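Residue numbers for the sequence shown follow our numbering, beginning at 112 and rising by one. Every residue, glycine too, gets a C-beta built ideally from N, C-alpha and C. Quick caveat, the model's predicted, so the values are computed rather than measured. Right, one structure below, let's go through it.
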Amino acid sequence: MIEFKGIAKTYHIGEIEVKAVRGVSLTIKAGEFVAIMGASGSGKSTLMHLMGLLDRPDAGEFFLAGQPVHNLSDEQMALVRNRLIGFVFQQFHLLPRMTAVENAGLPLIYAGRRGQEDKVRQCLTSVGLADRMTHKPNELSGGQQQRVAIARALVNDPLLIFADEPTGNLDSKSKEEIVGILKELHHQGKTIIMVTHEPEMAQHAQRVIHMRDGVVISDEQKAQSNAPSVFIDPATIPEISKLSSAAYEQTKMFDSAHQAIFAMVAHKMRSFLSILGILIGVGAVIAMLALGRGAQASIEQQLASLGSNLLMVRPGSSRVQGVVMQSGTVTRLTTQDAAAISQFSDKVKSVSGSVTGRAQLVYANKNWNSQLEGVEVSYAAMRASEPALGRFFTDEEIKKRDKVAVLGTTVARELFGDANPVGETVKINLISFRVIGILPSKGANSFRDQDDTVVVPLTTAMNRVLGKEYVDSIYVEVVSPDEIDNTQTAISELLIKRHRLRGEEAQDSFQIRNMSDIKAALSTTTKTMSMLLGAIAAISLLVGGIGIMNIMLVSVTERTREIGLRKAIGATRRDIMVQFLVESVLLSLIGGIAGVILGVGAAVLITVFAGWAVKVSISSIILATVFSLGVGVAFGLGPAMKASELDPIEALRYE
Numbered sequence: 112m113i114e115f116k117g118i119a120k121t122y123h124i125g126e127i128e129v130k131a132v133r134g135v136s137l138t139i140k141a142g143e144f145v146a147i148m149g150a151s152g153s154g155k156s157t158l159m160h161l162m163g164l165l166d167r168p169d170a171g172e173f174f175l176a177g178q179p180v181h182n183l184s185d186e187q188m189a190l191v192r193n194r195l196i197g198f199v200f201q202q203f204h205l206l207p208r209m210t211a212v213e214n215a216g217l218p219l220i221y222a223g224r225r226g227q228e229d230k231v232r233q234c235l236t237s238v239g240l241a242d243r244m245t246h247k248p249n250e251l252s253g254g255q256q257q258r259v260a261i262a263r264a265l266v267n268d269p270l271l272i273f274a275d276e277p278t279g280n281l282d283s284k285s286k287e288e289i290v291g292i293l294k295e296l297h298h299q300g301k302t303i304i305m306v307t308h309e310p311e312m313a314q315h316a317q318r319v320i321h322m323r324d325g326v327v328i329s330d331e332q333k334a335q336s337n338a339p340s341v342f343i344d345p346a347t348i349p350e351i352s353k354l355s356s357a358a359y360e361q362t363k364m365f366d367s368a369h370q371a372i373f374a375m376v377a378h379k380m381r382s383f384l385s386i387l388g389i390l391i392g393v394g395a396v397i398a399m400l401a402l403g404r405g406a407q408a409s410i411e412q413q414l415a416s417l418g419s420n421l422l423m424v425r426p427g428s429s430r431v432q433g434v435v436m437q438s439g440t441v442t443r444l445t446t447q448d449a450a451a452i453s454q455f456s457d458k459v460k461s462v463s464g465s466v467t468g469r470a471q472l473v474y475a476n477k478n479w480n481s482q483l484e485g486v487e488v489s490y491a492a493m494r495a496s497e498p499a500l501g502r503f504f505t506d507e508e509i510k511k512r513d514k515v516a517v518l519g520t521t522v523a524r525e526l527f528g529d530a531n532p533v534g535e536t537v538k539i540n541l542i543s544f545r546v547i548g549i550l551p552s553k554g555a556n557s558f559r560d561q562d563d564t565v566v567v568p569l570t571t572a573m574n575r576v577l578g579k580e581y582v583d584s585i586y587v588e589v590v591s592p593d594e595i596d597n598t599q600t601a602i603s604e605l606l607i608k609r610h611r612l613r614g615e616e617a618q619d620s621f622q623i624r625n626m627s628d629i630k631a632a633l634s635t636t637t638k639t640m641s642m643l644l645g646a647i648a649a650i651s652l653l654v655g656g657i658g659i660m661n662i663m664l665v666s667v668t669e670r671t672r673e674i675g676l677r678k679a680i681g682a683t684r685r686d687i688m689v690q691f692l693v694e695s696v697l698l699s700l701i702g703g704i705a706g707v708i709l710g711v712g713a714a715v716l717i718t719v720f721a722g723w724a725v726k727v728s729i730s731s732i733i734l735a736t737v738f739s740l741g742v743g744v745a746f747g748l749g750p751a752m753k754a755s756e757l758d759p760i761e762a763l764r765y766e
């Protein structure tokens, strides 16, 4: 079964070299019950670890069931430990959060045979624990815990059972029970190798190997016992070099998730704090992006009220001996200028002159001071101001200088409350006007309330209300965005020619504002603000990720012996890494989902209590969730790799 040829193992403790095993050669046949004895430091435990593939020899050759195993990869060694070897440890190494059935069934997970509970129960029954299967380790005596460990060693029907001081922590009665179980297993044909320092324990073995200073000093064969002779058909032993767990990856992934949930439940507060960091980060990202998008949508809505493809021509300023004079002190825009601009039919869609001023409005016993604007019929279409109620004035009413008015919603509310003002008469600067419509609501910006306005015919405003001979501005709607620059140049040249402007006068006497540029600038600003808010919130996610990494590193340290156990019963490096990585991702996923709920809720609360515009988008939810998963993977990978690289022997000895 086992053949050692010149096996040696040396440990390095700082600069000190410890030769634990020195050129040992021996053979152990199938079905033998072998006890390895020696004082502390004699090398007996190291020899057993080498036989059980928990450690690698520095020199020599090792054959298991006739097949070389001294040069196997870590994954192949793990698979051999899982399929062909069972371990019984002095410290039991039972996982405290699991029942006896779950502890005994652990090796089945890494063999891809999860769910064979009948097999586990059969093994527990065979060691006398039929009535204690659902109990956890802290509910079992020392002897019962060791029986669970023996059942765990048997569950995969191994060829070899290694028992390392199996009775070292037990009372006399429990020792007798465990020895009886080991002898019964020997009688069933199992090959048992037991490390012990107790002579009375060694008496039960049919062969005793004594070690001192890393070498075998005696190998005593006792009289033949009545155990049946064992013949193992080589055909029943799998080809070790071709063992693979590829077919069971899906089962292992399910178990990794199962174990991760167990670990999270076992450490509720620690898991909650980890989740809290991600929750706050994801919630902040969604809320901040919603706030940014809401601001952008609000600005876009306000910009839409300015009209599309719009140019606004305003009087400029003139210089008299180097002094900047008040806007419009020299150059005046007229209705004739507006008519001339409208002649660019291939570039200009519509034109409207505009005059503005303050006006006092009175209705019954209510009065209100508002902005009055006189415009032409085309203003309604180009400035997205088609009345929500009633109508706009007509060309005929402009020609007749009719006293008709269209009110903004703020003015209508202040003068008429909830009543319909259409058809009523109001006084504007003591002149009676008939209300013919209500403008659509455009909201307030940082400068003024866009709904606090009254619109009247241009001619009426100039001649009856404000007494102006010139227009304050000219609105020009261009046929398409592509023509804006050309139209702006054409208008500039036209006005220079009409007003006979030269030199600096041509540059300063009027201004042409491009609303598309304003829109682009504001849109860029809001996008930048959204990105800035999102970046600030993402820092919270980063901090949450660091928290998860710290928690996982603590978890790896706390569960070092568990990692050693899992490796001893067949877990590969990949299995350990995936288990801890899945735990990290689950923490992030739960935090991400809770964060989505928190973020959406925060956005709603911002709208309700602060009155700010917010807009939660599916893309921001997906982005935050995916980013949280990325954080789980990125920050969980380091601790997972650290756990996977632990040496099984060192991990089992960790205190």
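Problem - N-terminal and C-terminal residue of the beta strand (DSSP E) that Asn480 is part of - result: Start at 1 with the first residue of the sequence shown, and residue 480 comes out as number 369. Here the beta strand (DSSP E) through Asn480 covers Lys477 to Val486.
Practice task
Starting from the C-beta of Ile542, find all residues in its chain whose C-beta is less than 8 Å away, skip the five residues before and the five after it, and write them out in chain order.
Solution key: If you number the sequence shown from 1, residue 542 lands on position 431. The answer, listed in chain order, is Lys514, Arg575 and Val576.
Problem - Inter-residue Cα distance where the pair is Glu507 and Ser603 - result: Here residue 507 refers to the residue found at position 396 of the sequence shown. Here residue 603 refers to the residue found at position 492 of the sequence shown. Those two C-alpha atoms are separated by around 31 Å.
Exercise for the section: Verify whether the separation of the beta carbon atoms of Phe621 and Gly427 is less than 8 Å. Expected result: Here residue 621 refers to the residue found at position 510 of the sequence shown. Here residue 427 refers to the residue found at position 316 of the sequence shown. Yes, they are a contact pair.
Practice task
Quick one: grab the DSSP three-state call for Lys120.
Solution key: The count along the sequence shown starts at 1 and reaches residue 120 at position 9. Strand at Lys120.
Handout entry: Ile708 burial status per 10 Å Cβ neighbour count (16 or more: buried)
Key = Here the question's residue 708 lines up with position 597 in the sequence shown. Flag for Ile708 reads exposed.
Handout entry: Inter-residue spacing [alpha-carbon to alpha-carbon] between Met244 and Leu281
Key = For the purposes of this step, residue 244 is taken as residue 133 along the sequence shown, with counting starting at 1. For the purposes of this step, residue 281 is taken as residue 170 along the sequence shown, with counting starting at 1. For Met244 and Leu281, the distance between alpha carbons rounds to 20 Å.
Handout entry: Of the listed residues Ser584, Ile113 and Gly254, nearest to Ile303 (C-alpha basis)
Key = Mapped onto the sequence shown, residue 303 falls at position 192. Nearest C-alpha to Ile303: Ile113.
Problem - Inside the segment 114–172 only - alpha helix (DSSP H) runs reaching at least 4 residues - result: 155–162
Practice task
Determine the contact status of Ala371 and Leu676, defining contact as a CB-CB distance below 8 Å.
Solution key: Walking along the sequence shown from the start, residue 371 turns up at place 260. Walking along the sequence shown from the start, residue 676 turns up at place 565. Not a contact, by the Cβ cut-off of 8 Å.
Problem - Beta-carbon spacing of Ser367, Gly658 below 8 Å - result: Against the sequence shown, residue 367 aligns to sequence position 256. Against the sequence shown, residue 658 aligns to sequence position 547. In this structure, Gly658 does not lie closer than 8 Å to Ser367 by Cβ.
Problem - Delimiting residues of the alpha helix (DSSP H) encompassing Thr520 - result: Counted from its first residue, the sequence shown places residue 520 at position 409. Thr520 to Phe527 is the extent of the alpha helix (DSSP H) around Thr520.
Exercise for the section: Can you give me the Cβ contacts of Glu497 inside the same chain, cut-off strictly under 8 Å, excluding the 5 residues immediately before and after it? Expected result: The residue labelled residue 497 in the question sits at position 386 within the sequence shown. Excluding positions up to five away in sequence, the list reads Ala491, Phe503 and Pro551.
Practice task
Specify whether the segment 704–718 and the segment 211–225 touch according to this definition: at least 3 beta carbon pairs, one from each stretch, less than 8 Å apart.
Solution key: The segment 704–718, when compared against the segment 211–225, does not touch it at the 8 Å Cβ threshold.
Handout entry: Continuous alpha helix (DSSP H) stretch holding Ala754: start and end
Key = As a working mapping, residue 754 is identified with position 643 in the sequence shown. Residues Ile729 to Ser755.
Problem - Residues that Lys538 bridges to, as DSSP identifies them - result: Sequence index remark: in the sequence shown, residue 538 carries index 427 (1-based). DSSP, once it has assigned bridges, lists Val473 and Ser543 as partnering Lys538.
Problem - Completely contained alpha helix (DSSP H) runs for the segment 180–218, where each covers 4 or more residues - result: 185–195 and 211–215
Handout entry: Residue(s) in a DSSP beta bridge with Asp330
Key = The sequence position of residue 330 within the sequence shown is 219, counting from 1. Ile320, per the DSSP bridge assignment.
Problem - Other residues of its chain near Met188: CB distance less than 6 Å, five sequence neighbours each side excluded - result: For the purposes of this step, residue 188 is identified with residue 77 of the sequence shown, where counting begins at 1. So the list reads Leu164, once near-sequence residues are dropped.
Practice task
Indicate whether Ala679 and Arg192 have their beta-carbon atoms separated by less than 8 Å.
Solution key: To locate residue 679, count along the sequence shown from 1; it is residue 568. To locate residue 192, count along the sequence shown from 1; it is residue 81. Going by C-beta atoms, Ala679 is nearer than 8 Å to Arg192.
Exercise for the section: Would you mind working out which of Thr236, Val212, Ser237 and Gly394 sits nearest Glu228, comparing C-alpha positions? Expected result: Translated into the one-based positions of the sequence shown, residue 228 becomes position 117. Among Thr236, Val212, Ser237 and Gly394, the Cα nearest to that of Glu228 is on Val212.
Practice task
Take Arg404 as the anchor and find which of Ala274, Thr639 and Tyr586 has the nearest alpha-carbon.
Solution key: Position 293 of the sequence shown, counted from the start, is the residue given in the question as residue 404. Taking only the C-alpha atoms, the option nearest Arg404 is Thr639.
Problem - Whole-angstrom distance between Leu217 and Gly197, CA atom to CA atom - result: The residue labelled residue 197 in the question sits at position 86 within the sequence shown. The residue labelled residue 217 in the question sits at position 106 within the sequence shown. Computed Cα separation, rounded: 12 Å.
Problem - Touching by the beta-carbon criterion (3+ pairs, under 8 Å), the segment 395–403 and the segment 662–673 - result: Contact fails between the segment 395–403 and the segment 662–673, because fewer than three Cβ pairs, one in each stretch, are under 8 Å apart.
Handout entry: Opening and closing residue of the beta strand (DSSP E) in which Leu550 lies
Key = Indexing the sequence shown from 1 puts residue 550 at position 439. From DSSP, Leu550 is part of no beta strand (DSSP E); its letter is neither H nor E.
Problem - CA-to-CA distance, Ala470 to Asn540, given in whole angstroms - result: In the sequence shown, counting from the first residue as 1, residue 540 sits at position 429. In the sequence shown, counting from the first residue as 1, residue 470 sits at position 359. Asn540 and Ala470: Cα-Cα distance of roughly 6 Å.
Practice task
Give the DSSP bridge partners of Ala274, in chain order.
Solution key: The residue you call residue 274 lines up with position 163 of the sequence shown. Looking at the DSSP output, Ala274 bridges to Val199 and Met305.
Handout entry: Residue from Glu143, Val744, Ala374 and Leu421 whose Cα sits closest to the Cα of Pro207
Key = Position 96 of the sequence shown holds residue 207. Measuring from the Cα of Pro207, the nearest candidate turns out to be Ala374.
Problem - Coarse secondary structure for Lys460, derived from DSSP in three states - result: One-based indexing of the sequence shown puts residue 460 at position 349. Here Lys460 sits in strand by DSSP.
Handout entry: Rounded straight-line distance, which links the Cα of Glu143 to that of Glu250
Key = Stepping through the sequence shown from its first residue, residue 250 is reached at position 139. Stepping through the sequence shown from its first residue, residue 143 is reached at position 32. Rounded to whole angstroms, Glu250 to Glu143 spans 34 Å at the Cα level.
Practice task
Could you tell me which of Leu271, Ile549, Pro310 and Ile320 sits nearest to Lys301, measuring between CA atoms?
Solution key: If you number the sequence shown from 1, residue 301 lands on position 190. That would be Leu271, whose Cα lies nearest to the Cα of Lys301.
Handout entry: Contact the segment 122–140 vs the segment 176–185: 3+ CB pairs below 8 Å
Key = Result no; under three Cβ-Cβ pairs closer than 8 Å.
Handout entry: Cα-Cα separation between Arg545 and Ser584, rounded to whole angstroms
Key = Residue mapping note: residue 545 aligns to position 434 of the sequence shown, counting from 1. Residue mapping note: residue 584 aligns to position 473 of the sequence shown, counting from 1. Their Cα atoms are separated by approximately 25 Å.
Exercise for the section: Find out if the Cβ-Cβ distance for the pair Lys120, Asp166 is shorter than 8 Å. Expected result: For the purposes of this step, residue 120 is identified with residue 9 of the sequence shown, where counting begins at 1. For the purposes of this step, residue 166 is identified with residue 55 of the sequence shown, where counting begins at 1. Their beta carbons are under 8 Å apart, which means Lys120 touches Asp166 by this criterion.
Problem - Cβ pair Ile320, Val327 closer than 8 Å - result: Walking along the sequence shown from the start, residue 320 turns up at place 209. Walking along the sequence shown from the start, residue 327 turns up at place 216. Taking 8 Å as the Cβ cut-off, Ile320 and Val327 qualify as a contacting pair.
Exercise for the section: Could you please give me the residues that DSSP links to Thr446 through a beta bridge? Expected result: As a position in the sequence shown, residue 446 is number 335, starting the count at 1. Paired residues: none, contrary to the question.
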